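To start, the structure itself, in structure tokens.
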């Protein structure tokens, strides 16, 4: 059971990473990037790095994403690649 | 040999730089004051140098060390016979030239005179620095400073022609010194672990034959100020500078710094026995013989007086190198004493050319017909100068040529002897017609000679002085002879 | 070894703490920011001099932060090399404050205080990078330095600086991350982060592939940060468009400190035995640095903007130092270290003179410098001295480091490097005399009163503090040159590791 | 560019994969990294510092110097954002239209011609990208925010014994204010905690950290040697270390909170501090 | 074959980090949009963090928080089993690295905003075109 979860997260991390850099909408990028960070944080939590995971959850998935969305709000969602 | 630590060498060097702030502060508002200071500095410098003559004659070696850079590396000065000879000539001629440039610059109402005098002073400082350098690195330092401080003098007119010449000058001089001398010097240090000029050289038994030969040619061509062919063409180009610059720097100071550096390489770095064993002297002798011949031939084809003088200088400089590369005592003395003789002869010629330019605005020989009648003193001096450069008595030039010939015979190089004689003949061919035309030709119709008169007194007097000395040197050259033989024995 | 000495820590802590004070004071009284900044860096400067003195008298100094012994905690380890560089960094940083305070008030009228805070952080970062003896601590301080450099650069030219700075961020982050990755590999294989400890542990791992990769990533990361030739693309724009006051300190110090880091990694962490006996890459690195030297020179020739030309000169000089450090002999390393010292001053002086020109002339194209010698004689004099030093004319200091580098190259038989060094000198001649020809000898008539020249004729000498600053640095260039023998024998040679 | 990128990526990947073969197995207990320095921390953390969370003890004590600079990095980022984005004189050209709000009624007026300049007490200039309130979100957040803040304080204070610490707590604390700014508007948040306060707080936080370090220095210890605090506190050196760490964590939390808010408000309003997002 | 599979499974975290790192690196270099590059930058950094965390992991280890037996105030060093606790040092380092990455991210966003204000676009080639066209 445990390894299935592990494998799922691994796949999701890569999918989110590729998605974040390929999706043609910056807001989508922001959200996928948040998801990526959160998956990463889960991965680290599994590996026992709870402090790091905690930080990543609050920073990577939380505040970074907010900054990101704020910046997109002030600039543009448009992207060509 | 007595070694004396003395501040006299450094004082002689610095005295001309120290007046630069004064010159700048005087500026163009007080020209008399400015030029008086130049004069004072010149005299002071000459006196300091003269004061060392008796000591050196009695075998004293004046030394002064500024700073220690590393094992075998110092910046320091050493006054020996050779350096003193060169310094005496250069510093004396600076006084004369200062006088002359007052007349010339004011006569033509040139711009930026303060800059001119300042850089002139710093050029002289570097020249004396080269003369007194105790090792190769000090010599290189002043060699580069000289290149840099003459650059503004070459570009003095600031027109495109001057700028192009300035570029050419820099490219030739700096490229060779950085591209050839600098690596050669470092290799030399790598091999010998020192760069001091020592009697007998420092490279004996340090490197293979190939590397030493390559090194030798790097030095020979690296000091491009000696204008050895094919690195000569900066010298005619540099003639765009005002005449005092051409006279003192491009007939005496700068070019002879090049030659002097080569002399130091021969005597202080390689040593005569090493050169002999590698047969490098012969190679250098033939290279210089080639320059002598070709230089003379090109000089004949020039119509612009200063350019003709420049090519004459190129060929005369190679006399000196030829004399040194004979590696026989007489040849070497002849070569080195030619520095003195040629300096006085050639500067007289340049003064003459400048005087003609100031008085008439003429640069071309073909238009100087009949000028001699209006400017007799100038042309007479020019005649004496010509005699000295050709090497005819009663001028000092005869003396050096005589020794060169003796040296050739001693070295059993009859081919070189022939070249010397041919070249002397060529010299006569391109100098004497100028004087002849000046005195005896009928003036052209389109040139109105009658309105011309002699150049200002400031131009005439220096010319008379140098011409007189050229003649006097025929009779009293003993002091130089003694200094040089002391210097060479070191 | 001395322990429990208070000065090493003061070097870093004073500017750091004062950075917070300056930030706080900004909201209270803006006039106090500058004096406090000066005070902070002065204390740092004095402490670093004292530290250097005690290193000279009694050998390497060790400072245990938190009181924990080295592999457990972080330590400061000050030997001659970083002692000297600390003094130089704090000196330049302090000196730059005096030469640029009017520039700062001109550029950032409202945010002056916060700017000084950033400036202090930048200085702290540099000092910390140099003084630390811990691999990870170095990374953190490197990031402080870089972050404040990114911000300072982005504050420059309104149109181009932010873009240049963002590019710098991308590439800089790659560099720093590579370094971090390399440190990770080292940690994985040895279990330690302390430089001395790692150097000890790495002995048994010479043939490990992981250590090799660690080495490659550390070195490449540092190269990116120092802008060695193929990795240099961020540098020219970033340094050209940086605000004058920061450009002057970032340009000379950042790259040179990275060269220091490289030397430290090479000689104090991986060790000579590993570098030159196990790895066989020194030959190719010397080719690379020769290429850097030449590329920098050639690109500099093609520039019209004075500042951009200077940035390419920096790239070329980086090649000198990297090549010297990799020559693998005593003389070469001496030359590289001496050149770090010289190049800090030379680059600083270059950017000082560029700043002085820019104070009066907005667009620093070379053709705008026509006849500048008459208008700004003192600045131009300083500029000439620096130029001569970069060309390598004695007795300026540039000559002497070049001397050692060429001598080292001859000993190592690296003829390509010699040729590159000499060609670069020749390129520099063309480079600078192109400017001199314009600035010394105008082809224009002297009196001219047309509409477009009127503003030009009004140009006058830059403010006194800038001009005097430049002249002082010019004098220092010559003094360092004259005393380079003493510097080498007293400060550099004792550092050179045995067996080289 | 794409080709260059591919080449670089493949090159780097190849080097990395090449080295991976020599790695100790993942999770290996006897890997060098687990044997050299880290056992010391695991063994002596409780004995020497009285902190069971080893990460905290290493972070704030053994390698406390790193953490001080980590906080400085954050401070530096806040400073940089302020310097880069903050605009004081709001006379920047407004390219599009200008919005004014009539305060009593909340009606928003749009002016296409931007030369209009209303100087009436009842009107205020508002952001062009103004987002209107939402009652539900507003109410939920108002209830939620205090709990978030209490949790944040718990995380800070309990960092010694459980995951968390100054940094995480500070981020959460900052996030609560950011939530306020999002759910209400930026002006409300700035009224609650002004720019000046934030600036001073961000400096104070790191200063607490460095100050504790300097205090140790003054007490004749090494920098950040918390054990020396026992000289002025009525406890033994081991406990003093724990106290020192707590103080340091609080400092970190203050700075992180302040900086997170500074970055947010500057990015969200492009430095104008109006009511964007 | 079996060895290879063992190798792949035994070190799967390391493979994952290499893949993520390469994705990030590719995005930094090849992407045209500045924000995309920023995302790539962050992915790149998190990949390195993943690598560090993987170093610290110990099979069968638990969180690096010492369990103090009930009723005791402290625990003697001898009674702690090192292999029971995960290596805490990489965690500490990576906390710092995360902070650094978020700081860089914030500054980079601020600069991106400035760029957008100046050029009204975030596409690198468009900005370069504007710069050249000037």
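Protein chains in written order, with this note's numbering: chain E, 1 to 81; chain F, 82 to 571; chain Y, 572 to 1071; chain A, 1072 to 1348; chain D, 1349 to 1482. Glycine included, every Cβ here is placed at the ideal spot set by N, Cα and C. Note that the structure is a prediction, hence the values are computed from the model and not measured.
Here residue 1309 of chain A has 1118, 1119, 1120, 1121, 1298 as same chain residues with Cβ atoms under 8 Å from its own Cβ, once five neighbours each way along the sequence are excluded. One Cα belongs to residue 261 of chain F, the other to residue 194 of chain F, and the distance between them is close to 34 Å. With respect to chain E, the C-beta atom of residue 1442 of chain D has a partner C-beta closer than 8 Å.
Between the beta-carbon of residue 751 of chain Y and that of residue 710 of chain Y there is about 5 Å, and that keeps the pair under the 8 Å contact cut.
Contact of residue 40 of chain E with chain D is assigned, a C-beta pair being separated by under 8 Å. Residues are counted here when their Cβ sits less than 8 Å from a Cβ of chain D; for the stretch 3 to 26 of chain E these are 10, 13, 14, 17, 18, 20, 21, 26, given in chain order. Along the stretch 809 to 839 of chain Y, the alpha helix (DSSP H) occurs as fully enclosed runs of 4 or more residues at 815 to 835, listed in sequence order.
The beta carbons of residue 300 of chain F and residue 349 of chain F sit about 11 Å from each other, so the pair does not count as a contact at 8 Å. Closer than 8 Å to the CB of residue 1400 of chain D there is at least one CB belonging to chain Y. Remark: C-beta atoms of residue 472 of chain F and residue 429 of chain F do not approach each other more closely than 8 Å. Within chain A, the residues whose beta carbon sits less than 8 Å from that of residue 714 of chain Y are 1144, listed in sequence order.
As computed with DSSP, residue 154 of chain F is found in a beta bridge with F:151.
Runs of the alpha helix (DSSP H) lying entirely within the stretch 378 to 416 of chain F and spanning at least 4 residues, in chain order: 386 to 406. For residue 1110 of chain A, the chain D residues whose C-beta falls within less than 7 Å of its own C-beta are 1430, listed in chain order. Straight across, the Cα-Cα distance linking residue 191 of chain F with residue 978 of chain Y is about 46 Å.
Rounded to the nearest angstrom, the Cβ distance from residue 967 of chain Y to residue 959 of chain Y is 5 Å, consistent with a contact under 8 Å. Chain-order list of chain Y residues neighbouring residue 1423 of chain D: empty, with the shortest C-beta distance near 19 Å, by a criterion of under 7 Å. Nearest CB-CB separation between residue 1454 of chain D and chain A: below the 8 Å threshold.
DSSP, read as helix, strand or coil, puts residue 597 of chain Y in helix. Counting only residues of its own chain and dropping the five nearest sequence neighbours on each side, residue 253 of chain F has a CB closer than 8 Å to the CB of 305, 312, 314, 315. Chain order gives the chain A residues near residue 780 of chain Y as 1089, 1090, 1092, 1093, where near means a beta carbon separation below 8 Å.
With respect to chain A, the C-beta atom of residue 605 of chain Y has no partner C-beta closer than 8 Å. One finds 150, 151 in chain F with Cβ atoms closer than 9 Å to the Cβ of residue 1059 of chain Y, taken in chain order.
Residue pairing for residue 634 of chain Y: DSSP places it in a beta bridge opposite Y:647. With its beta carbon at least 8 Å from every one in chain F, residue 578 of chain Y lies outside the interface. Judged by their CB atoms, residue 587 of chain Y and residue 1281 of chain A are nearer to each other than the 8 Å cut-off. With a 10 Å radius around the Cβ and a threshold of 16 neighbouring Cβ atoms, residue 1070 of chain Y comes out exposed. Under the 8 Å criterion on CB atoms, residue 1395 of chain D is classed as non-interfacial with respect to chain A.
Contact annotation for residue 1407 of chain D against chain A: 1098, 1100 [CB-CB distance below 7 Å, chain order]. Taking CB atoms only, residue 75 of chain E has a neighbour in chain D less than 8 Å away.
Exposed is the label assigned to residue 274 of chain F, since fewer than 16 other Cβ atoms lie within 10 Å of its Cβ. For residue 1172 of chain A, the enclosing beta strand (DSSP E) stretches over residues 1169 to 1173. Apart from sequence neighbours up to five positions away, the residues of its chain that approach residue 1393 of chain D with a beta-carbon distance below 6 Å are 1449, ordered along the chain. Residue burial annotation: residue 857 of chain Y is buried, with at least 16 other C-beta atoms found within 10 angstroms of its C-beta. Cβ contact annotation for residue 94 of chain F (same chain, cutoff 6 Å, sequence separation greater than five): 206, 209, 210, in chain order.
Note that the C-beta distance between residue 324 of chain F and residue 435 of chain F is below 8 Å.
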